[in-house]
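Worksheet: the structure to be examined is printed underneath.
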Amino acid sequence: MTNRERSIMSSFDFKKRSVQIGYSIMLLALLILAMTMLYPFATTILSSFKTNQEIFTFPPSLFPHQLQWSNYSEGFKYVNLIRPLWNTLILFGGNAVIALLIVSLAAFSLSQMKVPFRKGITLFIMSTLMIPSATYMIPSFLNLQSLGLIDSYWAFWLPAGASAFNIMLLKSFFDGINKELFEAGRLDGASELHCFYRLAVPMSIPVFSTLLIFSFTSTWNDWYWPSLVLTSPEKYPLASVVYRNIIQSLNLTWNVKFSVLTVIMVPPLLFFLFFQKNIMHGLNLSGVKG
Numbered sequence: 566m567t568n569r570e571r572s573i574m575s576s577f578d579f580k581k582r583s584v585q586i587g588y589s590i591m592l593l594a595l596l597i598l599a600m601t602m603l604y605p606f607a608t609t610i611l612s613s614f615k616t617n618q619e620i621f622t623f624p625p626s627l628f629p630h631q632l633q634w635s636n637y638s639e640g641f642k643y644v645n646l647i648r649p650l651w652n653t654l655i656l657f658g659g660n661a662v663i664a665l666l667i668v669s670l671a672a673f674s675l676s677q678m679k680v681p682f683r684k685g686i687t688l689f690i691m692s693t694l695m696i697p698s699a700t701y702m703i704p705s706f707l708n709l710q711s712l713g714l715i716d717s718y719w720a721f722w723l724p725a726g727a728s729a730f731n732i733m734l735l736k737s738f739f740d741g742i743n744k745e746l747f748e749a750g751r752l753d754g755a756s757e758l759h760c761f762y763r764l765a766v767p768m769s770i771p772v773f774s775t776l777l778i779f780s781f782t783s784t785w786n787d788w789y790w791p792s793l794v795l796t797s798p799e800k801y802p803l804a805s806v807v808y809r810n811i812i813q814s815l816n817l818t819w820n821v822k823f824s825v826l827t828v829i830m831v832p833p834l835l836f837f838l839f840f841q842k843n844i845m846h847g848l849n850l851s852g853v854k855g
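Going left to right, the sequence shown walks through residues 566 to 855 as our numbering numbers them.
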């Protein structure tokens with residue numbers, strides 16, 4: 566069997582004792598990691614079907630003795646999710662448009678255009694990824710306040726145009742496109758903007774899909790930043806409404822809280838399960854150099 570015909574781990578390799586032991590240890594570690602990550606989700610979902618007494622019994626039981634479907638109807642008596650859901654979609658739509666227009670143009674210019682100090686700008690953007698987000702929340706808040714954008718959706722949309730992660734994700738993908746393709750377009754008289762929209766964008770659909778999925782999940786789960794910049798309750802997104810009206814509520818029992826959290830948790834999970842191939846495909850393409 567030649568090296569070209571063999572895969573990463575062939576049947577010949579599995580015959581080695583050391584390889585079998587290493588492979589077993591790797592599977593065991595992955596299983597433990599998977600269970601550690603799945604346990605909070607399983608606890609939340611199963612606790613939503615328990616009585617409040619079952620949740621606090623000791624020793625605790627993972628599965629409910631009897632399914633309490635009334636927890637769900639009880640939970641939604643305290644909160645109306647229609648308006649917050651619409652607000653979340655508005656935030657996501659704005660973030661998506663800003664990301665696809667501004668971030669993609671910035672990434673393309675750093676990747677394919679002869680921008681002055683391009684390497685220095687790229688290094689600076691990469692360095693911001695190592696800064697904890699909590700350190701620049703106060704400066705961002707003060708800047709938005711000086712611009713008069715507090716209690717406005719622009720307080721979400723403008724920062725989306727300066728996402729270092731999204732810029733580096735798209736730049737990595739554009740770096741993998743053959744530069745000769747754009748050079749041929751320039752020789753034919755195409756402008757840089759024309760090369761971007763006619764050549765780069767059609768090939769970037771997978772990574773754009775990945776960016777939109779990441780944007781959706783972050784918008785859906787974000788509750789802290791909206792709590793800082795929004796003062797009108799009618800503008801709150803879903804996560805902020807759930808945190809304020811459900812999590813912080815002293816009138817609701819924990820089984821009812823878990824039922825609302827389960828409903829909020831399911832859409833991002835389904836979204837990821839349905840589009841996981843798009844996510845992985847986009848990330849893989851972003852790591853390929855042409």
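Where a beta carbon is used, it is the ideal one built from N, C-alpha and C, also for glycine.
Start and end residues, alpha helix (DSSP H) containing LEU666: Within the sequence shown, residue 666 is the residue found at index 101, counting from 1. Element bounds for LEU666: n/a, residue is neither H nor E.
Rounded straight-line distance, which links the Cα of MET695 to that of SER674: Start at 1 with the first residue of the sequence shown, and residue 674 comes out as number 109. Start at 1 with the first residue of the sequence shown, and residue 695 comes out as number 130. Roughly 23 Å separates the two Cα atoms.
Integer Cβ distance of ALA664 from ALA725, believed to fall under 8 Å: Within the sequence shown, residue 664 is the residue found at index 99, counting from 1. Within the sequence shown, residue 725 is the residue found at index 160, counting from 1. At roughly 6 Å, the Cβ-Cβ gap stays under 8 Å, so ALA664 and ALA725 are in contact.
Selection from VAL680, VAL807 and TYR701 that minimises the alpha carbon distance to TRP788: Sequence index remark: in the sequence shown, residue 788 carries index 223 (1-based). Per the Cα distances, VAL807.
Beta strand (DSSP E) runs wholly inside the region 736-776, at least 3 long, in chain order: none
GLU619 - containing alpha helix (DSSP H), residue span: In the sequence shown, counting from the first residue as 1, residue 619 sits at position 54. Element bounds for GLU619: 617-620.
Through-space distance from ARG683 to ASN636, alpha-carbon basis: Translated into the one-based positions of the sequence shown, residue 636 becomes position 71. Translated into the one-based positions of the sequence shown, residue 683 becomes position 118. Distance between the alpha carbons of ASN636 and ARG683: 56 Å.
Minimum C-alpha distance to LEU862 - residue among THR601, TYR588, THR616 and PHE779: The first residue shown for the chain is 566 and the last is 855, placing residue 862 beyond what the model contains.
Sequence-distant residues of its chain with Cβ nearer than 7 Å to VAL853 (five each side left out): By 1-based counting over the sequence shown, the position of residue 853 is 288. Unreliable positioning characterises VAL853 in this predicted model, as indicated by a pLDDT of 44, which lies under 50. A coordinate reading is not provided.
GLU570 in three-state terms, based on DSSP: Here residue 570 refers to the residue found at position 5 of the sequence shown. Per-residue confidence for GLU570 stands at a pLDDT of 47, beneath the threshold of 50, marking its modelled position as unreliable; the derived number appears in the next sentence. Coil.
Sequence-distant residues of the same chain with beta carbon closer than 7 Å to PRO629, five excluded per side: Indexing the sequence shown from 1 puts residue 629 at position 64. The residues are LEU611, PHE614, LYS615 and GLU619.
Beta-carbon contacts of VAL668 that lie in its chain and below 7 Å, excluding the five residues immediately before and after: Numbered from its first residue, the sequence shown carries residue 668 at position 103. The residues are GLY726, SER728, ASN731, ILE732 and LEU735.
Exposure label - PHE689; buried when at least 16 CB within 10 Å: The residue you call residue 689 lines up with position 124 of the sequence shown. With fewer than 16 Cβ atoms within 10 Å of its Cβ, PHE689 is classed as exposed.
Exposure label - TRP785; buried when at least 16 CB within 10 Å: Position 220 of the sequence shown holds residue 785. By the 10 Å Cβ count, TRP785 comes out buried.
Whole-angstrom distance between PRO704 and LEU835, CA atom to CA atom: As a position in the sequence shown, residue 835 is number 270, starting the count at 1. As a position in the sequence shown, residue 704 is number 139, starting the count at 1. For LEU835 and PRO704, the distance between alpha carbons rounds to 35 Å.
LEU795 - DSSP class collapsed to helix/strand/coil: As a position in the sequence shown, residue 795 is number 230, starting the count at 1. Correct three-state label for LEU795: coil.
CA-to-CA distance, THR782 to LYS822, given in whole angstroms: For the purposes of this step, residue 822 is identified with residue 257 of the sequence shown, where counting begins at 1. For the purposes of this step, residue 782 is identified with residue 217 of the sequence shown, where counting begins at 1. Distance between the alpha carbons of LYS822 and THR782 is about 21 Å.
Segment contact flag, the region 823-833 with the region 762-775, C-beta cutoff 8 Å, min 3 pairs: no
Distance, ARG809 Cα to LEU650 Cα: On the sequence shown, residue 650 is found 85 positions in, with the first residue counted as 1. On the sequence shown, residue 809 is found 244 positions in, with the first residue counted as 1. Approximately 15 Å between the Cα atoms of the pair.
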